[in-house]
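The structure under discussion appears below in the form of structure tokens.
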Amino acid sequence: MKFLIFSDLDGTFLDHRSYSFGNLKIFINKIKQGNTIVFNTSKTFSEILKINKQLELKSPFIVENGACIFFPQSYKDNLDINKDYFKYHGYLGYSLANHNLQKIVTRVSPLQKKYKFRFYSELSDQKISEITNLRMDDIKRSKKRLFSNPIFWDDSFNKIAKFKSEIVSLNNHFKVFQGGRFIHILENYDKGIALKKYLEIIKPSMDVECTTVSLGDSENDICMLESTDYSCIVKGEGKKISLTKTNKIYFSKTKAPLGWQESLENVFRMENKNF
Numbered sequence: 159m160k161f162l163i164f165s166d167l168d169g170t171f172l173d174h175r176s177y178s179f180g181n182l183k184i185f186i187n188k189i190k191q192g193n194t195i196v197f198n199t200s201k202t203f204s205e206i207l208k209i210n211k212q213l214e215l216k217s218p219f220i221v222e223n224g225a226c227i228f229f230p231q232s233y234k235d236n237l238d239i240n241k242d243y244f245k246y247h248g249y250l251g252y253s254l255a256n257h258n259l260q261k262i263v264t265r266v267s268p269l270q271k272k273y274k275f276r277f278y279s280e281l282s283d284q285k286i287s288e289i290t291n292l293r294m295d296d297i298k299r300s301k302k303r304l305f306s307n308p309i310f311w312d313d314s315f316n317k318i319a320k321f322k323s324e325i326v327s328l329n330n331h332f333k334v335f336q337g338g339r340f341i342h343i344l345e346n347y348d349k350g351i352a353l354k355k356y357l358e359i360i361k362p363s364m365d366v367e368c369t370t371v372s373l374g375d376s377e378n379d380i381c382m383l384e385s386t387d388y389s390c391i392v393k394g395e396g397k398k399i400s401l402t403k404t405n406k407i408y409f410s411k412t413k414a415p416l417g418w419q420e421s422l423e424n425v426f427r428m429e430n431k432n433f
């Protein structure tokens, strides 16, 4: 049996404050043979590429909350290559976003007259550093956004629900999710939709039975967590999230990065799989 592991990064695989994955590379080296680890995150192509290189992973990955799936060139023979794919820095991209980067900003920016918020592109490097604790080179990677422009909320927490409802009223295809630090506005895609599209794309080339596993910690992970056989909720910094599905759910006792390994080890025990 093969495991397809879909994982968020910040607060799930990476420590919420330091962005360290600790000793997880040792664990990954044990489990990656014959299994696939697909990061499904709000991070950019540039950010995930750095992490995959550090972990020596050559897996596909999903960027910016499900906006695009990127496949390494080595997957080319297993994909039905057509006009839907585009080449980008040695990868083949399959975009689920049907808008350009500016569209949502143009539609949403008038609400800045009513609410205090700023788009990621409007934040100075210094402000991003204060919010995220990212190093300057990582801030540069985080700003290389191809599909989305997260929102930094600087208003009363009590106004967020009203703000979200107004966003949806602008366009009923808009979805609004709270991440670990930012609010994300998506159109016609999310992490769950991207996960299902990934499975649809690779299914013709799969020759063994697969068990799907997802790991997340925030509201924007729920649609991904609802879409797999096993769902692992890594202990987070904020409000505990809940799912509508009722089986094969695991809540880690420890935070990231230890909670990531703890969660998968529980899944492997349930499946009587040893590594």
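Every position in the sequence shown, counted from 1, becomes a number in my numbering once 158 is added.
Backbone N, C-alpha and C define an ideal beta-carbon position, used for all residues, glycine too.
- Mind reading off the beta-carbon distance from Ser363 to Ile399? Whole number of angstroms is fine, and I expect it under 8 Å. Within the sequence shown, the letter at position 205 stands for residue 363. Within the sequence shown, the letter at position 241 stands for residue 399. Beta-carbon to beta-carbon, Ser363 and Ile399 are separated by about 33 Å, too far to satisfy the 8 Å threshold.
Query - Under the three-state DSSP convention, the category Gln419 falls into - result: Taking the first residue of the sequence shown as 1, we reach residue 419 at position 261. Helix, per DSSP.
Q | Beta-bridge partners of Glu345, as assigned by DSSP | A | To locate residue 345, count along the sequence shown from 1; it is residue 187. Partner(s): Phe332.
Taking all protein chains shown into account, do 16 or more other C-beta atoms lie within 10 angstroms of the C-beta of Val371, making it buried, or fewer, making it exposed?
In the sequence shown, the residue the question calls residue 371 occupies position 213. Flag for Val371 reads buried.
*asked:* Using only the alpha-carbon positions, how far apart do Phe340 and Ile309 sit?
replied: The residue given as residue 340 occupies position 182 in the sequence shown. The residue given as residue 309 occupies position 151 in the sequence shown. If I take the Cα positions, the gap works out to 5 Å.
| said: Between Glu423 and Gly169, how many whole angstroms is the CB-CB distance? I'm expecting something under 8 Å. | reply: Mapped onto the sequence shown, residue 423 falls at position 265. Mapped onto the sequence shown, residue 169 falls at position 11. The distance from the Cβ of Glu423 to that of Gly169 is about 19 Å, inconsistent with a contact at the 8 Å cut-off.
Requested in this report: Find out if the Cβ-Cβ distance for the pair Lys355, Ile163 is shorter than 8 Å.
Outcome: By 1-based counting over the sequence shown, the position of residue 355 is 197. By 1-based counting over the sequence shown, the position of residue 163 is 5. Contact: no.
Alpha carbon to alpha carbon, what distance is there between Tyr177 and Lys245?
The residue given as residue 245 occupies position 87 in the sequence shown. The residue given as residue 177 occupies position 19 in the sequence shown. So the two alpha carbons sit approximately 29 Å from each other.
**Same chain only: Cβ atoms within 7 Å of Phe185, ignoring 5 sequence neighbours per side** = For this step, residue 185 is matched to residue 27 along the sequence shown. For Phe185, where only same-chain residues beyond five positions count, the Cβ hits under 7 Å are Gln419.
Worksheet item: For Lys413, which residues does DSSP report across the bridge?
Response: As a first step, residue 413 must be located in the sequence shown, where it is residue number 255. Beta-bridge partners of Lys413 (DSSP): Lys393.
* With Ser300 as the anchor, note down where its beta strand (DSSP E) starts and where it stops. => Indexing the sequence shown from 1 puts residue 300 at position 142. For Ser300, there is no enclosing beta strand (DSSP E); the enclosing alpha helix (DSSP H) has its first and last residue at 294–300.
Segment limits, beta strand (DSSP E) that includes Phe219 = In the sequence shown, residue 219 corresponds to position 61, counting from 1. Segment 219–221, the beta strand (DSSP E) holding Phe219.
Quick test of your reading: Lys317 and Tyr273, contact by CB under 8 Å. State the CB separation rounded to the nearest angstrom.
Within the sequence shown, residue 317 is the residue found at index 159, counting from 1. Within the sequence shown, residue 273 is the residue found at index 115, counting from 1. A Cβ-Cβ separation of about 6 Å places Lys317 in contact with Tyr273 under the 8 Å criterion.
* Would you list the one or two residues that DSSP bridges to Cys368? => Along the sequence shown, one-based indexing puts residue 368 at 210. Paired residue(s): Lys160.
Let me check you understand the geometry: is the CB of Ser385 closer than 7 Å to at least one non-hydrogen atom of the ligand NAD?
Absence of the ligand NAD is noted for the structure shown, with no ligands found whatsoever.
Taking the Cβ atom as the reference point for each residue, do Cys390 and Val366 lie within a distance shorter than 8 Å? Translated into the one-based positions of the sequence shown, residue 390 becomes position 232. Translated into the one-based positions of the sequence shown, residue 366 becomes position 208. The Cβ atoms of Cys390 and Val366 lie no closer than 8 Å to each other.
Report task. Give every residue of the same chain whose Cβ lies closer than 7 Å to the Cβ of Val326, excluding the five residues on either side of it in the sequence, and list them in chain order. Result -> In the sequence shown, the residue the question calls residue 326 occupies position 168. Result list for Val326: Phe332, Val334, in chain order.
Review point. If you drop the 5 nearest sequence neighbours on each side, which residues of the same chain put their C-beta closer than 6 Å to that of Phe321?
Key: To locate residue 321, count along the sequence shown from 1; it is residue 163. Non-local C-beta neighbours of Phe321 in its own chain, meaning closer than 6 Å and more than five positions away in sequence, comprise Tyr273, ordered along the chain.
State yes or no: is the C-beta of Leu237 within less than 8 Å of the C-beta of Leu254? On the sequence shown, residue 237 is found 79 positions in, with the first residue counted as 1. On the sequence shown, residue 254 is found 96 positions in, with the first residue counted as 1. Against a cut-off of 8 Å, the Cβ pair of Leu254 and Leu237 comes out as no contact.
At which residue ranges does the segment 221–266 contain complete alpha helix (DSSP H) runs of 4 or more residues, listed in the order of the chain?
Those alpha helix (DSSP H) runs which fall completely within the segment 221–266 and span 4+ residues are 259–266.
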